[in-house]
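Report on the structure given below.
Residue numbers (my numbering): 2 to 118.
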């Protein structure tokens, strides 16, 4: 059994409610107007951006095949079609990070409106 599948089995046995997937290599974005890191002030955040979307979707599919634990899809969501891809892979929820920095909080309304229409 692969390490991911071993972890999933252990998490299921412990009664885990949700998994957030997928993580990205550590990165950091500097807010040039404030001249400070975006996100957590001491550590670099995980800011995969759009390029990471296919990798995250693949990880979600792998998790969904191996486990019944619901998956919150994250990574590379910049618009409603990105969020929809996670939903179509079986995620009941998605998380948006980098797009908030680049597009501002209105991106959340745009994503929701796109999904509803």
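Ideal Cβ placement from N, Cα and C applies to all residues, glycine included. From a predicted model like this one, the values you see are computed outputs, not experimental measurements.
First and last residue of the uninterrupted alpha helix (DSSP H) at residue i
i: residue 94; result: It is not in any alpha helix (DSSP H) - residue 94 instead sits in the beta strand (DSSP E) that spans 94-96.
i: residue 6; result: 4-15
i: residue 81; result: 81-89
As assigned by DSSP and simplified to three states, the class of residue i
i: residue 71; result: coil
i: residue 106; result: coil
i: residue 37; result: strand
i: residue 30; result: coil
i: residue 78; result: coil
i: residue 50; result: coil
Residue i versus residue j: straight-line alpha-carbon distance, rounded
i: residue 64; j: residue 9; result: 8 Å
i: residue 55; j: residue 34; result: 31 Å
i: residue 32; j: residue 102; result: 9 Å
i: residue 6; j: residue 67; result: 6 Å
i: residue 104; j: residue 52; result: 16 Å
i: residue 113; j: residue 22; result: 20 Å
i: residue 57; j: residue 98; result: 14 Å
Residues bridged to residue i (per DSSP)
i: residue 21; result: 73
Sub-8 Å separation of residue i and residue j beta-carbons
i: residue 78; j: residue 61; result: no
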